[in-house]
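Counted the way the UniProt record's numbering counts, the sequence shown spans residues 1 to 231.
Backbone N, C-alpha and C define an ideal beta-carbon position, used for all residues, glycine too.
Small disclaimer: the values here were computed from a predicted structure and weren't measured.
I have placed the structure first, in the form of structure tokens, so that the comments after it can refer back to it.
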Amino acid sequence: MATPSKALLCLHGTGSSGAIFRMQLAKFRLALKNDFEFVFMDAPYPASAGPGVLPMFAEAGPFHGWSSGEGATINGRLAGINAAIHAAIDTWEASKKNPQAKIVGVLAFSEGALVASMLLWQQQLGLLPWLPTLHFATLICCFFVDEAGTYMLAEATARGREKALIEVPTLHIHGRQDFSLARAQKLVAKHYGPEFADVMEFEGGHHIPSRREDCGEAMKRIMRLARKTYA
Numbered sequence: 001m002a003t004p005s006k007a008l009l010c011l012h013g014t015g016s017s018g019a020i021f022r023m024q025l026a027k028f029r030l031a032l033k034n035d036f037e038f039v040f041m042d043a044p045y046p047a048s049a050g051p052g053v054l055p056m057f058a059e060a061g062p063f064h065g066w067s068s069g070e071g072a073t074i075n076g077r078l079a080g081i082n083a084a085i086h087a088a089i090d091t092w093e094a095s096k097k098n099p100q101a102k103i104v105g106v107l108a109f110s111e112g113a114l115v116a117s118m119l120l121w122q123q124q125l126g127l128l129p130w131l132p133t134l135h136f137a138t139l140i141c142c143f144f145v146d147e148a149g150t151y152m153l154a155e156a157t158a159r160g161r162e163k164a165l166i167e168v169p170t171l172h173i174h175g176r177q178d179f180s181l182a183r184a185q186k187l188v189a190k191h192y193g194p195e196f197a198d199v200m201e202f203e204g205g206h207h208i209p210s211r212r213e214d215c216g217e218a219m220k221r222i223m224r225l226a227r228k229t230y231a
């Protein structure tokens with residue numbers, strides 16, 4: 001079977017790894033294997049195990065995170081994160097099985113979803129010329145922080161805009177019992193117009209949906225986004 005010509009950049013949560021996220025997304029990958037290649041990477045900084053990693057993945061370290069913990073400015077942190085993502089994409093580009101394949105979207109969880117939202121925003125502002133165009137996104141249990149919203153609003157204001165709205169079609173998957181549900185909802189409420197946000201809720205906490213019906217619904221919505229935004 002030919003390798004798909006479209007790929008999704010996959011960003012794990014804090015205290016995890018690309019390899020762990022690959023396993024966590026097993027049902028997603030199986031359902032979408034004919035449509036997308038999945039591009040995994042490790043976040044740039046060492047970290048202790050994050051939510052949902054222990055005990056199942058206790059032996060799957062080392063674990064990685066998206067923050068160095070050194071108190072750098074958000075611009076400094078974004079520079080480090082962007083450099084790591086740029087390098088990971090370059091590595092994939094150099095070794096991809098299908099020479100015609102290109103990254104067309106992003107699929108991310110928890111703090112990785114926060115990083116993905118920042119990629120979408122920076123892409124929209126024309127700040128990441130090296131980044132393949134992300135036509136759509138899937139953000140699962142996004143751990144959105146106020147500092148990111150403040151940064152977005154400052155960038156928008158500097159460009160004469162009253163609001164900082166991401167204009168990339170995005171599926172937001174929210175666990176109803178997620179400890180960070182309010183954070184994920186704030187991202188949708190403050191930084192998306194209704195025409196760009198599709199919200200799906202499932203019965204669960206801070207984890208990737210695993211029940212058959214939830215996975216099926218998520219796959220249906222992901223493919224609907226893909227067909228609408230990228231033929």
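Item, Value
"Beta-carbon spacing of residue 140, residue 179 below 7 Å", "no"
"Inter-residue spacing [alpha-carbon to alpha-carbon] between residue 162 and residue 156", "7 Å"
"Closer than 6 Å: residue 179 CB and nearest the ligand FAD heavy atom", "For the ligand FAD, the structure offers nothing, since it holds no ligand at all."
"Spatial neighbours of residue 13 in its chain, beta-carbon cut-off 6 Å, leaving aside the 5 residues before and after", "50, 109, 110, 111, 112"
"7 Å CB neighbourhood of residue 81 in its chain, flanking five on each side removed", "44, 66, 115"
"Same chain, Cβ closer than 8 Å to residue 177, neighbours up to 5 away in sequence not counted", "203, 204, 205"
"Under the three-state DSSP convention, the category residue 215 falls into", "helix"
"Rounded C-alpha distance that separates residue 127 from residue 104", "17 Å"
"Residues bridged to residue 174 (per DSSP)", "201"
"Residues bridged to residue 9 (per DSSP)", "39, 106"
"Host alpha helix (DSSP H) of residue 139 (start-end)", "Not the alpha helix (DSSP H): residue 139 falls in the beta strand (DSSP E), residues 136-140."
"Selection from 167, 218, 3, 211 that minimises the alpha carbon distance to residue 195", "167"
"Counted within 10 angstroms of its Cβ, other Cβ atoms place residue 3 as buried (16 or more) or exposed", "exposed"
"Bounding residues of the beta strand (DSSP E) (the contiguous stretch that carries residue 47)", "45-47"
"Proximity below 7 Å, CB of residue 170 to CB of residue 197", "yes"
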